[in-house]
Structure formats: C-alpha cells, structure tokens
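Quick notes on the structure that follows.
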Amino acid sequence: MSDDIQTWSAQLASDPGSLVFLPLAEALRRRGQLDAALAVAQGGVSRYPELADAHDLLGRIRSDRGDTALAQEAWTNALRLQPDLVGAHKGLGYLCYRAGDLQKSLRHLESAMELVPDDSQAQAALQRVRGLLAQPLRPAVGDPFEGGEAGTLLVDSQGRRLGGVMLRSDGTDASDAMAAELSGVSREARRTVRLLGLGEWHSLYLETPGMNLVMQEPRSETLLVLARGPEVPVGRLPLLADRATTLARRWMDKLG
Amino acid sequence: MSLVNFAAREITCKLVYYGPGRSGKTSNLQYIHGRVPEARRGRMVSLATESDRTLFFDFLPLELGTISGFTTRFQLYTVPGQVYYNATRRLVLQGADGVVFVADSQARRFDDNLESFQNLQENLLEQGIDVRSLPTVLQYNKQDLPAELVLTPADLEDALNFRSVPSFSADALHGSGVFETLKALSALVLKRLAAGNSGESV
Amino acid sequence: MRAIEPWVEGPLTTFLTESSARLVLLMTSAGQVIAQHGFTRSLDVMAAAALGAGIVASTGELAKLLGPSPFGALVHQGTNQAVFLAPFTTPRGRWIGLVVYGKETSLGLIQLFFNRMVEDLSQSAPVEHARRAVLAENFEHELNASLRALFGR
Amino acid sequence: MTNFAQQVLEEVTRIPGVRGALLVSEDDGLIVAEALMEGVDGPAVAALAASLTGRLGRATRALGKAAPVLLHLQATGGAVFSAAGGEGLLLVAVTAADVNAGLVRLSLLDAAGRLS
C-alpha cells in the first residue's frame, strides 16, 4: 500500500493533471492521514470541478474528519453532477440518520439500494432506519424533560410535574405522586440553611435502599430530582445533577 | 383588667362571681346562660367535680352589644367556694374587672359568708388590688327559702356591706335578682372604664 | 388572624407561616385574648383562653409545690392534633400562647418558631402609653339599652 | 443507652469540620442526645433536620421506596447530614462546607447502625 502511495504521489508530481489523485487521496484516507488526503482531494476538485467522483471523495474525507456540514455540501455537489452516484447517496443517508432526519436518510438509502441491490452495508443501514421509523414517535434525543428518559423529574413550587418521569420499580408512574410530595422541599431546604446560618443551599442528596436521589433548584422554587440506582457511584450523582440542572434551565428558558 | 382594642373597637371585661361554697355562683351563670339568646353567648364551660361542686371555675362569655361604638364582651367566671381551693380562687381572680359577691342567706352559713368575704379581700390585696377601687356588687341569694332559715337583707347588709356597694336579694335558681346583679356590676365596670381608670389598651 | 394590638400581627404571622400551626391563641395570664388565628367564633376563643390560662396557672402552682424550677411549655399529644401551651414574658407582662398543631408539623418546629415569636414580640412591643378614657360621656344611656336588649328587661 | 449514644455522637464530632452531632426524635424533632460545638443552635438543627427528613420520606414512599437512610443538604456555608438511626431516631450532623462528605456519610451510617 505504501508502495502505491509512493508511486501515485510520484505520478501526481510529474503530472498534476493526472486522475491519479483519486486513488492517492483514498489511500491516504484509509491510512488515517486525513490532512494529506484532504489536500490531495481539494487539489483534484479544483482541477476537475465537474467530476462527481472527486466531490464524493471529498465528502468521505470531510465526514471522517467530522466536518459534517462540509461533507454534506460535497456529497450534494456530487449528486448534482451525477444523480446515480451510490457513494454520495450512502454518505448522505448516513449524515441524515446521524442528524435525526430519518425520512431523508430513508430516501438516500433506498436510492443506493436501487442502484446496487446487493450492497450489504446500505441494506443494513436501510433496515435500521426503517425499524426506527416503524416505532412510535420518540421525543428528541437529549431532552430528559419531554418525557423520554425515566429518573429525572422537574417539579414546580405547587407540587406539579413540569417535566420528566419518575418510575417505581414495578414500572408504574410515580411522577405526579412524587411531585405532590416534593412541593415545598426547596422552600424547606432554604428555610433550614437560612435559620442555621449556612448560606445558600445547592444540593440535597438522599439515599434510600436501592435508589439514590439528588435534588437541586434550577430556578427559584423549582425542584429538579434525579434518581439513580446504587450502581452509579455516589460521587457521580452531583455531576449528573449539575448537568441535568443546566439542561433544565435551558429547557425552561426555551419554554419562556 | 379589661382589654380595649381601639382599632377593632372592642372591649372585653372579666367579671368574677365570688362567695362561699354552694352559695349559688354557678346557678347565677346557668340562669344567665339559659336566658341569653344563643348568638349573644358562648358555650358555658364548667369544671365541676362529680358532686357538682365547681372544681376550678365556670366560665361564660357574653356579648353585650355595642356601647359608644365598642363591641362589648363580658367574661363571667365563678370561683370554687370551698375553703381549700384558695389557690385556684386566686388564679381566677387575676385580672378581674369586677366582682359579684354571692352570699348564702341561710343563717347557718353566716360565718362562711364572712370568711369568704375576708378571703376575697386578702386575695385581692395579694395581687395589689385595693378592694375599695374594684367595682363590687353584693347578692344575697336564697332569699326564697323559709323566713326562719334565712337572714334578712338588712341583717346581711349590716354584716357585709360596710362600703355601701349596690346589693340585691336573689333566688338564683329561679332567676330573681340575677340580671339585676349583673346589670349593676356591668354598669360599674363600664363607668370606671369610661372614666379611664382601668383597661389595657392600644 | 385577629389581634387586639397591631404590633402583635407581624410576629404572629411569621409564626403561623413558619410553624404550620392550625390554631393559635395569645392571651394575658388572666385569660384575656390578645390575638387569635383559626377559631371561627370569638366566643369560643374566650372559652379556650380561659381554659388555657387556667391550665397554665394551675400547673404553675403545681410546679411551685413540687420544686424550685418552674415548668416550661406544656404539651398534650392527641391522635390527630396536639396542644402546646406556654407562658412567656413580654414588655406588656406575662402572656400565654396556646397552639394547636397536627401531623404537618412537629413539636420541635412549633417550639423553635414559638421561641422566635417571643423574641420578635419583645422587640416590637411599643412603649406603654398613658391610659385614656375609653367610652364617651353619654355611654350610660347606651349601656342601659344594651343591657335591656341582652337581658330582656 | 444515653452514655453509649453520647459516646457515638462524640466520635462523629471528631471528624474535622463537624460542628455538632445530635440524636433526634424523628416525629417531634426534639433532641434526645447532643454533642455540639459552641454557637450551634441544637434545637433548631433537630427540628429542621427532622422536618426535612420527614418530608423527603413521604416523597420516597411515593416512589415506592423506604424512608431515606441518609440525607445530605449541602449549602455554601455548611451542610446538614441526617441518617436513620432506628426506632424513630435520626442521627444528625452539622458541618462546615468543606468537610469530607464521604467520611461523614460513612461515620453516620456506621454510628446509626451501632445505635439501632
């Protein structure tokens, strides 16, 4: 392989207009030399701007580098030049899947399958996307307050659930019952530290058999509760709570 | 001492029925309780022993109505008459605005009356209250009994009323003299309040 | 909440919110009501005050009989509610607090915030001013009318 | 019992930063035994810690869990710990803000175990 790279590099040096930049950049990409691969591919694209394969190559390199937006741009250019370019369809199918746009991902993967019916990679990806689309509508990933992930609960000062879910071990929903019982906890915590001259409270940690809880106050009189099993180390709970509190603040700001 | 609330225009006075055991203090309150319209009175509280003797006190709150723009309330208390209850008598007497001394008119209770009247003066003195300044009314109860058993009001007057306070003959069981007595004491207490000689106020 | 003297209202309100007490009665040691919260009829308040003052007075006497140190607060724990009864000193003399509370709070909290209220009351008590005549000159006519109305004669 | 409790409390207060340790009756928030540094308002600590523990116990019961074994309220100027001590008792500690929370936790759980 390294022999190929040397040979192709020499060829490209002696003839800058050669199409040998295509196998060279691909070889560099596979070896993980992404910067070198990118330089070679960019050179090729500027010399052959109408060559769809060159744009497809650029898309692969940029995707590997994590430059999602630029990769998408490169593959889109490739498809504009050559709508039946399988690599570009597969690339865009993958990017759209990562971004959560399952419908668009499905369209690209189906196009790829039509062009190359025995592409096992594309087939596996298509199955995964179809499976996800068949499931009931799921909330946006990473937003624990819209009801998805259990074990995080946000409660207002009047004992009402603002967001999140808290489940009992039998799977029944304890959110509303807990919210009602937790109303006033932040007021009581504040009163306790005020009367004992301890400044401002910032976290309340609770250990029960089989479940540990942390509570914080993302906003005045709003209580965030995080419940985790004993497998989560005690010291990690405050960190998780801090993160959830930040998310809760952002989420409430978004709600207005 | 009566409590006067200028903001809410309210006056509350404490009136105590004093006298020897079984002279009819509780009967006075029971009669009043039975005759005053329900809206004007509270529950009558009686702390009595099994044999109906007053153990600690009887208590009856009354709403007199509006006087000079003040909602006026009376708290009627009785003290236990038996000699050995002096500690409780002193407690009930605390802060009294006026006293009705209920004497037992029966001749055989003459000494008990004197002893109790003496005891009243001692207990007031102990609280730093001058007997002469405290509104007091005398009631000669059980005047309905056969004449050979009771002393006349005049006899009792000679023995007890050396300060010439208002006095009334009564039959508390049947109500005669009960309201006259209370009315007279109410007037004395409120007149004193009107003169600004007593009352804790804002 | 009702208070005979306005300066009592602040400390009492704080006590009520902090302690979650159900009923509160402040009275003089003679059983005269100073302030109350939670009672429905003013006449019931008087009976409660008379009884509360009586209990404090009699336990005080009992303490005198039994030993050198006086009793502090008196607590009676019932199944659903409890009664807390405590005498205290104010610049206006000896007063008594009667507090009825339930399971939503505890004796410790009642005691804690009661002590704070006593401090607050001491600080906010105004200097006593001269007594003044309470009733108008012509009150006698009204008194007689009231007595007639009350006693029906 | 009282002497033993006293001894256990004093052990807890030997941890640097612990300003007081108390044995508190959970229902009424009153002190059963105490080892306090000067300036610590024992009755207030007892009443407030018991009240907070009780309220959170109701919340964990709503979650189908038993009452808390341990509670740790962390504030900028200090912390309050409370551990279930059995028979309606709580073991409560008040500490400075920068105390070794892990050590206090273990010490309280251990003391609570010995007391119940």
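Protein chains in written order, with the numbering used here: chain A, 2 to 257; chain B, -11 to 190; chain C, 6 to 158; chain D, -9 to 106.
Beta carbons: idealized from backbone N, C-alpha and C, even for Gly.
Between which two residues does the beta strand (DSSP E) holding W12 (chain C) run?
Translated into positions along the third sequence, residue 12 (chain C) becomes position 7. First-last for W12 (chain C): undefined, no H or E at that position.
For the stretch 56 to 80 of chain D, which residues have a beta carbon sitting closer than 8 Å to at least one beta carbon of chain E?
No chain E appears in this structure, whose protein chains are A, B, C and D.
Check the C-beta distance from A195 (chain D) over to T50 (chain D) and give it rounded, since I have them as a contact under 8 Å.
The requested residue 195 (chain D) is not part of the displayed model; chain D covers only -9 to 106.
Could you pull the DSSP bridge partners for V(-2) (chain D) from this structure?
In the fourth sequence, residue -2 (chain D) corresponds to position 8, counting from 1. According to DSSP, V(-2) (chain D) bridges with nothing at all.
Going straight from the alpha carbon of D65 (chain A) to that of L35 (chain A), what length do you get?
The count along the first sequence starts at 1 and reaches residue 65 (chain A) at position 64. The count along the first sequence starts at 1 and reaches residue 35 (chain A) at position 34. Looking at the two C-alpha atoms, the distance is approximately 8 Å.
Does the distance from the CB of T42 (chain B) to the CB of P8 (chain B) come in under 8 Å?
The residue labelled residue 42 (chain B) in the question sits at position 54 within the second sequence. The residue labelled residue 8 (chain B) in the question sits at position 20 within the second sequence. Contact flag unset, no.
Can you say whether V131 (chain B) is buried or exposed, counting buried as having 16 or more other CB atoms within 10 angstroms of its CB?
Walking along the second sequence from the start, residue 131 (chain B) turns up at place 143. Here residue 131 (chain B) turns out to be Gln, not Val, going by the sequence shown. It is buried - the Cβ of Q131 (chain B) has at least 16 other Cβ atoms within 10 Å.
Taking a cut of 7 Å between CB atoms, which residues from the stretch 0 to 27 of chain D lie near chain C?
D17, D18, G19 and L20
Can you say whether G18 (chain A) is buried or exposed, counting buried as having 16 or more other CB atoms within 10 angstroms of its CB?
Residue numbering aside, residue 18 (chain A) sits at position 17 when the first sequence is read from its first letter. By the neighbour-count rule (16 or more Cβ atoms within 10 Å), G18 (chain A) is not buried but exposed.
Consult DSSP for R139 (chain A) and reduce its assignment to one of helix, strand or coil.
Locating residue 139 (chain A) in the first sequence gives position 138, where the first residue counts as 1. Summary for R139 (chain A): the model assigns pLDDT 39, below 50, so the residue's position carries little reliability; its value from the coordinates is reported in the next sentence. In the structure shown, R139 (chain A) sits in coil (DSSP, three-state: anything other than H, G, I, E or B).
So, at 7 Å on beta carbons, what are the nonlocal neighbours of S15 (chain B) in its own chain, with the 5 sequence-adjacent residues on each side left out?
The count along the second sequence starts at 1 and reaches residue 15 (chain B) at position 27. These residues qualify, in order along the chain: A160 and L161.
Where in the stretch 46 to 84 of chain D do unbroken runs of the beta strand (DSSP E), each at least 3 residues long, occur, reported from the N-terminal end onward?
60 to 65 and 68 to 76
Note down, one range per segment and in chain order, each alpha helix (DSSP H) of at least 4 residues found wholly within the stretch 163 to 229 of chain A.
176 to 183 and 186 to 196
Would you give the residue range spanned by the alpha helix (DSSP H) that F22 (chain A) belongs to?
Locating residue 22 (chain A) in the first sequence gives position 21, where the first residue counts as 1. F22 to R31 is the extent of the alpha helix (DSSP H) around F22 (chain A).
Here's a check: name, in chain order, each residue in its chain whose Cβ is nearer than 6 Å to the Cβ of E136 (chain B), leaving out the five neighbours to either side.
On the second sequence, residue 136 (chain B) is found 148 positions in, with the first residue counted as 1. Hits under 6 Å: none found.
When DSSP labels each residue in this structure, what does F20 (chain C) get in the three-state scheme?
The residue labelled residue 20 (chain C) in the question sits at position 15 within the third sequence. It is helical.
Using beta carbons (cut-off 8 Å, strictly below), is A178 (chain A) in contact with chain D?
Within the first sequence, residue 178 (chain A) is the residue found at index 177, counting from 1. Yes, A178 (chain A) counts as interfacial toward chain D.
Kindly indicate if chain D contains any beta-carbon less than 8 Å away from that of L17 (chain C).
Counting from one through the third sequence, the residue named residue 17 (chain C) turns up at place 12. Not one chain D Cβ lies under 8 Å of L17 (chain C).
In chain C, which residues lie with their C-beta within 7 Å of the C-beta of F45 (chain B)?
Position 57 of the second sequence holds residue 45 (chain B). By Cβ distance, chain C contributes G59.
Taking Cβ to Cβ, would you say V84 (chain D) is nearer than 8 Å to L197 (chain A)?
By one-based count along the fourth sequence, residue 84 (chain D) stands at place 94. By one-based count along the first sequence, residue 197 (chain A) stands at place 196. For V84 (chain D) and L197 (chain A), yes; Cβs fall inside 8 Å.
State buried or exposed for K171 (chain B), treating a residue as buried only when at least 16 other CB atoms are found within 10 Å of its CB.
To locate residue 171 (chain B), count along the second sequence from 1; it is residue 183. The residue is buried, with at least 16 neighbouring Cβ atoms inside 10 Å.
Beta-carbon contacts of E77 (chain D) that lie in its chain and below 8 Å, excluding the five residues immediately before and after
Your numbering for residue 77 (chain D) matches position 87 in the fourth sequence. The residues are S106.
Using a Cβ-Cβ cutoff of less than 7 Å, which residues in the same chain neighbour S151 (chain C) once the five nearest sequence positions on both sides are dropped?
Within the third sequence, residue 151 (chain C) is the residue found at index 146, counting from 1. Same-chain partners within the cutoff: there are none.
Whole-angstrom distance between P234 (chain A) and L138 (chain A), CA atom to CA atom:
Taking the first sequence and counting its residues from 1, the one referred to as residue 138 (chain A) is at position 137. Taking the first sequence and counting its residues from 1, the one referred to as residue 234 (chain A) is at position 233. Because the pLDDT at L138 (chain A) is just 43, under 50, the model does not fix this residue reliably, and the value given afterwards should be weighed accordingly. Approximately 33 Å, taken between the alpha carbons.
Within its chain, find whatever has a CB closer than 7 Å to the CB of L58 (chain A); leave out the 5 residues flanking it on each side and keep chain order.
Against the first sequence, residue 58 (chain A) aligns to sequence position 57. Closer than 7 Å at the Cβ level, and outside the excluded window around L58 (chain A), lie L23, A26, E27 and A42.
Near-chain C residues of the stretch 65 to 78 of chain B - C-beta to any C-beta below 9 Å:
Y65, A75, T76 and R78
Quick check on this structure: which residue in B:D143, B:V177, B:Q82 and B:F58 has the alpha carbon closest to the alpha carbon of T66 (chain B)?
The residue labelled residue 66 (chain B) in the question sits at position 78 within the second sequence. Checked all of B:D143, B:V177, B:Q82 and B:F58; the closest Cα to T66 (chain B) is B:Q82.
Find the residues of chain D that neighbour P210 (chain A), judging by a C-beta separation of less than 8 Å, and give them in chain order.
For the purposes of this step, residue 210 (chain A) is identified with residue 209 of the first sequence, where counting begins at 1. Neighbours of P210 (chain A) on chain D, chain order: K55, A56 and V59.
By a C-beta neighbour count over all protein chains shown, 10 Å radius and 16 as the cutoff for buried, is A141 (chain A) buried or exposed?
The sequence position of residue 141 (chain A) within the first sequence is 140, counting from 1. Caution is warranted here: a pLDDT of 39 is assigned to A141 (chain A), below 50, making its placement in the model unreliable, and no coordinate value can be reported.
Can you find at least 3 beta carbon pairs, one from the stretch 59 to 70 of chain D and one from the stretch 199 to 214 of chain A, that sit closer than 8 Å?
yes
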